[in-house]
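In the numbering used here, the protein residues as written are 14 to 122.
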């Protein structure tokens with residue numbers, strides 16, 4: 014699969030979950046990346062967490078060295094990207110890797 018729009022957010026950490034500050038960095042970076050992605054295109058996001066590694070490491074070796082690696086695709090359907098949409102996407106695909114804000118209450122009619 015050829016990825017036209019995408020990014021890998023890599024964290025060299027000893028554990029397998031990002032804290033609130035690191036999660037906020039992911040939210041902000043994804044919002045930036047999605048704003049640059051054309052409407053109607055797919056953005057592929059990889060999040061990788063693992064111990065420090067050699068920068069020259071081949072890709073396959075890098076992937077096998079990670080504690081957690083996960084990939085998800087975001088279909089950009091609208092020009093405007095809102096934070097709640099980004100958080101919902103991250104919650105749906107990367108919840109066990111991130112420390113996301115708790116979902117707000119919704120009014121049911």
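Cβ atoms here follow ideal geometry from the backbone N, Cα and C, with glycine treated the same way. For clarity, every value in this text was computed on a predicted model and none was experimentally measured.
Rounded separation between residue i and residue j - CA only
| i | j | result |
| --- | --- | --- |
| residue 69 | residue 102 | 31 Å |
| residue 84 | residue 20 | 10 Å |
| residue 57 | residue 17 | 8 Å |
| residue 26 | residue 50 | 28 Å |
| residue 45 | residue 93 | 11 Å |
| residue 113 | residue 107 | 9 Å |
DSSP-derived helix/strand/coil call for residue i
| i | result |
| --- | --- |
| residue 41 | helix |
| residue 66 | coil |
| residue 1 | Because the chain in this structure spans residues 14 to 122, residue 1 falls outside the shown range and cannot be described. |
| residue 91 | coil |
| residue 57 | strand |
| residue 96 | helix |
| residue 86 | strand |
Beta-carbon proximity check, residue i vs residue j, cutoff 7 Å
| i | j | result |
| --- | --- | --- |
| residue 22 | residue 62 | no |
| residue 55 | residue 90 | no |
Endpoints, the alpha helix (DSSP H) within which residue i is located
| i | result |
| --- | --- |
| residue 76 | 72-78 |
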